[in-house]
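A short write-up of the structure that comes next.
In full-length UniProt numbering, the protein residues as written are 1 to 282.
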């Protein structure tokens with residue numbers, strides 16, 4: 001499938017941003033769409049060198065149309081505004097020389113899904129043998145995460161693992177076992193997963209989907225799965241929140257693989273501040 005809207009990536013020269021550029025280039029190639037590399041370093045020699053290096057990395061990673069943009073201004077504001085015209089925004093995890101904003105900050109207002117990539121050595125970008133893992137909790141943002149994860153998994157020919165984690169207190173477990181009652185959380189989880197995954201098989205006939213129902217602490221269970229995942233996809237906040245939830249922030253801080261953050265609904269109309277664009281080269 002060809003997408004007209006670009007994949008957007010922030011560049012600042014750090015290790016995480018370099019990997020973000022490579023990840024974004026690979027994704028843009030899979031989507032057959034342009035890659036736009038943005039640097040908010042202003043009119044400095046360092047910023048120009050960062051962009052040139054990022055362009056070289058992108059072209060070495062995938063056969064993709066690469067465009068670069070050099071802006072002066074607040075990086076979070078710039079990426080937010082540019083994301084309104086993008087299909088996907090990719091950023092590195094960690095502060096950079098040009099104050100690249102934290103993924104949680106950008107995802108709060110971004111007009112498209114956000115992928116956060118950290119600087120971790122020893123893993124190919126991307127490793128398609130690993131699954132795309134999506135966290136499912138039944139919220140609107142979680143359903144958007146399922147849609148995004150299924151699309152990415154289908155484009156890469158990778159398996160999709162849908163995970164629902166439910167928690168049962170020790171006291172509740174003792175009472176249930178004493179009365180020989182079934183696990184209520186498991187039954188509800190099966191219905192929830194079925195509802196959230198409905199329609200994906202028709203949309204992507206070749207997609208391999210595996211369901212996992214886990215009893216435990218959601219944050220720790222998802223962090224464990226990030227070690228073997230190619231990509232972890234989560235909803236921004238769950239159940240109507242406008243800011244990334246605690247589990248999403250924990251994955252951004254401690255997850256091993258890249259983390260994609262999805263949000264339900266179209267972006268609201270935001271005023272576009274006057275930004276001083278220093279240069280643009282295509």
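Glycine included, C-beta positions come from ideal geometry on N, C-alpha and C. Given the structure is predicted, the values throughout are model-derived calculations rather than measurements.
Got a sec? Which residues, its chain only, sit under 6 Å from residue 159 by beta carbon, not counting five neighbours each side? These residues qualify, in order along the chain: 131 and 208.
What are the start and end residues of each continuous beta strand (DSSP E) run of 3 or more residues lying completely inside the stretch 21-95, in chain order? Annotation note: the stretch 21-95 contains the following uninterrupted beta strand (DSSP E) runs of length 3 or greater, listed N- to C-terminal: 35-39, 66-72 and 88-92.
Tell me whether residue 136 sits in a helix, a strand or coil according to DSSP, three-state version. Looking at residue 136 - three-state DSSP - the assignment turns out to be coil, as it is neither helix nor strand.
To the nearest angstrom, report how far apart residue 26 and residue 187 are at their CA atoms. Computed Cα separation, rounded: 39 Å.
Considering only C-alpha positions, which residue in the set 84, 51, 67 and 92 is nearest to residue 112? When only C-alpha atoms are compared, the closest one is 84.
Going along the chain, which residues of its own chain have a beta-carbon closer than 6 Å to the beta-carbon of residue 145, five neighbours each way excluded? Counting only residues of its own chain and dropping the five nearest sequence neighbours on each side, residue 145 has a CB closer than 6 Å to the CB of 134, 233, 234, 235 and 262.
Suppose the cutoff is 6 Å on Cβ atoms and the five residues either side in sequence are ignored; what does the same chain contact list for residue 79 look like? So the qualifying residues of the chain are 10 and 106.
Could you check what DSSP says for residue 149 in three-state terms: helix, strand or coil? Helix at residue 149.
Entirely within the stretch 164-232 and at least 4 residues each: give me those alpha helix (DSSP H) ranges in chain order. If we require 4 residues or more, the alpha helix (DSSP H) runs fully inside the stretch 164-232 come out as 170-178, 184-197, 200-203 and 218-226.
Three-state secondary structure (DSSP) of residue 17: Looking at residue 17 - three-state DSSP - the assignment turns out to be helix.
Residue 90 and residue 115 closer than 8 Å at C-beta: Yes, Cβ-Cβ distance for residue 90 and residue 115 is below 8 Å.
Among 119, 103, 175 and 164, which residue has its Cα nearest to the Cα of residue 191? Answer by Cα proximity: 164.
Roughly how many whole angstroms lie between the Cα atoms of residue 259 and residue 231? Here the C-alpha atom of residue 259 lies approximately 6 Å from the C-alpha atom of residue 231.
Out of 33, 210, 13 and 23, which one is the CA nearest neighbour of residue 6? With distances taken between Cα atoms, residue 6 lies closest to 33.
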